[in-house]
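Using my numbering, you'd call the opening residue of the sequence shown number 603 and step up by one each time.
In what follows, a single structure is set out as structure tokens and then discussed.
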Amino acid sequence: MELRKNMRNSIFLILLASLVLSATRCKGGVTSTYRRRLGASVDMPLDSDVFRVPTGYNAPQQVHITQGDVNGNAVIVSWVTPDEPGSSVVLYGTSKHNLDKMETGKHTQYKYYNYTSGFIHHCTIRHLKFDTKYYYAVGIGQTVRKFWFKTPPEVGPDVPYTFGIIGDLGQTYDSNTTLSHYESNRKAETVLYVGDLSYADNYPDHDNNRWDSWARFVERSTAYQPWIWTAGNHELDFEPSLGEKEPFKPFKHRYLTPYRASDSTAPFWYSVKRASAHIIVLSSYSAYGKYTPQYRWLEEELPKVNRSETPWLIVLVHSPWYNSYNYHYMEGETMRVMFEPWFVQYKVDVVFAGHVHAYERSHRISDIAYNIVNKNCTPVPNEDAPVYITIGDGGNIEGLAANMTEPQPSYSAYREASFGHAIFEIKNRTHAHYTWHRNQDGEKVAGDEEWFTNRHWLPASN
Ligand SMILES: [Fe+2]
């Protein structure tokens, strides 16, 4: 009788222990049960309306803007004229009917294997007023096209501002859904783009006509609000077999960044301040080892971040450091080893990455204790560490990354194999509301969300 009672107790204890264990193992990690239908994401044909060439001789196309200086008083306007150089002038002003100011830019052109680009114009407009709507026109003297943008408020700690985050967009029907879904969120004022733009390199000979079609596709957003560019692997276009040995050639000619303003020596890593955020852009595909230009720039950049002025420190990089999908697994590891201690030291709030074609958000964790001999190589909770978000779910031709490592690592807070975009809505110096929106849901629905409290201004427990 006593024996049976002891056995019953033991079984109960074992059951209890395994329950506690499994609860511990699953703590915080959610793998969404929702999964978008799997299947190829097909590129939209070149005669699709989204790629339409604007009418008129030599009409400017592929219009896009990005921040042109550190603080947001300047905008770089870029566009392509297909037939002849035409004019690099931008007319602009605060009245729709009176574009009373003028700036002259420059144009460039490049060849890639058997492709020759149109005339790519870049014009930096400086000394703009903060928080002001400007109208602008390009194609002066030929076919004029008009657009507008709004400058950000002056940099300051309590300035609310809303960023959209998009990555790995491509030009499929799913890409179009992602962009339309993003546009339906009227609050978002600037896109933080985490790399991999056109996927032209998936075409024979890296058909650069797909760089043109992509820029025409996104013009409906990029002409009206700045996209802050990060370079991904699909921007490399390094193809010695075609005689193309200069990495990033098409990207570099088409998409300027204000890198000199932040003392960077190359367009692929730089920083901007916008409202209450300091945004650092890094390049996964440029050297970042000790003593390299990127390493030395970041080493000098991080101490310059003034959290009293810009409480929110955001990093953009293409290849994620924490990724529990079976795609691009550990590709971000070497950069993590180089830079993660700094991110913890300087309390980076959030790191947005792309590359993996799915969605994932981490807890605040770090993995910086390992020293080769001590075996401390498991990520641990760390309130000084950033949240890592993979948002490579724009919907490009390569399809979804649906295969995950199992079990879900304890550092992973939420993951889902769906296409979508994210919104980072800064309320003030202490709070920001983050949401991820899967394409299948309406604008108001958040597939994942998190309130960020700023550790510089509030204790982490708040
Ligand atoms: Fe990528």
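Every residue, glycine too, gets a C-beta built ideally from N, C-alpha and C.
Simplified DSSP assignment, three categories, for residue i
i	result
TYR805	coil
VAL946	helix
GLN663	strand
HIS1058	coil
ASN835	helix
ASN700	strand
ALA863	helix
HIS724	strand
ASP814	helix
GLN896	helix
THR824	helix
GLU1051	strand
LYS906	helix
ARG856	helix
SER873	strand
SER650	coil
PHE751	strand
LYS735	strand
PRO983	strand
LYS851	helix
SER843	helix
GLU705	strand
Residue of the options minimising C-alpha distance to residue i
i	options	result
GLY834	PRO828, PRO849, SER843 and VAL820	PRO849
PRO647	THR764, SER777 and GLY658	SER777
ARG898	THR859, LEU918 and PHE941	PHE941
ILE665	LYS851, HIS1035, ILE1025 and PRO656	Sequence check: residue 665 is Val here, not Ile. Here the closest residue by C-alpha is PRO656.
GLN1042	TYR826, ASN978 and LEU781	LEU781
THR792	THR718, THR668 and VAL692	THR668
TRP681	ASN675, SER690 and ASN673	SER690
VAL796	ARG788, VAL820, LEU771 and PRO806	LEU771
GLU1018	ASP865, ALA739 and VAL958	VAL958
TYR714	ARG856, ALA955, ARG862 and THR633	ARG856
GLU878	PHE1026, LYS703, SER864 and SER634	Reading off the sequence, residue 878 comes out as Ser, not Glu. Of the candidates PHE1026, LYS703, SER864 and SER634, the one whose C-alpha sits nearest the C-alpha of SER878 is PHE1026.
SER964	VAL982, ASN973, PHE1021 and ALA971	VAL982
VAL910	GLY758, ASN973 and SER864	Note that residue 910 is Ser in the sequence shown, not Val. Comparing Cα positions, the closest option is GLY758.
ASP995	GLN1010, VAL644 and ALA1024	ALA1024
Heavy atom of ligand 1 within 8 Å of residue i beta-carbon
i	result
GLY834	yes
ASP839	no
GLY797	yes
ASP770	yes
GLY956	yes
HIS723	no
GLY994	yes
SER921	yes
HIS930	yes
Whole-number beta carbon distance between residue j and residue i, since they are thought to touch under 8 Å
i	j	result
TYR694	LEU701	6 Å
PRO662	THR683	6 Å
PRO913	TRP1059	6 Å
ASN787	GLU1045	5 Å
GLY1078	ILE993	The chain is shown from 603 up to 1064; residue 1078 falls before or after that span and cannot be answered.
ASP839	PRO852	5 Å
THR764	ALA790	5 Å
TYR775	VAL975	That belief does not hold up - the Cβ atoms of TYR775 and VAL975 are roughly 52 Å apart, past 8 Å.
Cβ of residue i within 9 Å of any chain D Cβ
i	result
VAL757	Given the protein chain composition of this structure (a single chain), no chain D is represented.
| Which full runs of the beta strand (DSSP E) of 3+ residues lie inside the region 1014-1048, going along the chain? | 1014-1018, 1022-1028 and 1033-1040
- Message: Suppose only complete runs of 4+ residues qualify. What are the alpha helix (DSSP H) ranges in the region 753-801, listed by chain order?
- Response: 775-785
(message) Going residue by residue through the region 910-967, where are the continuous alpha helix (DSSP H) segments of at least 4 residues, counting only ones entirely within it?
(response) 935-947
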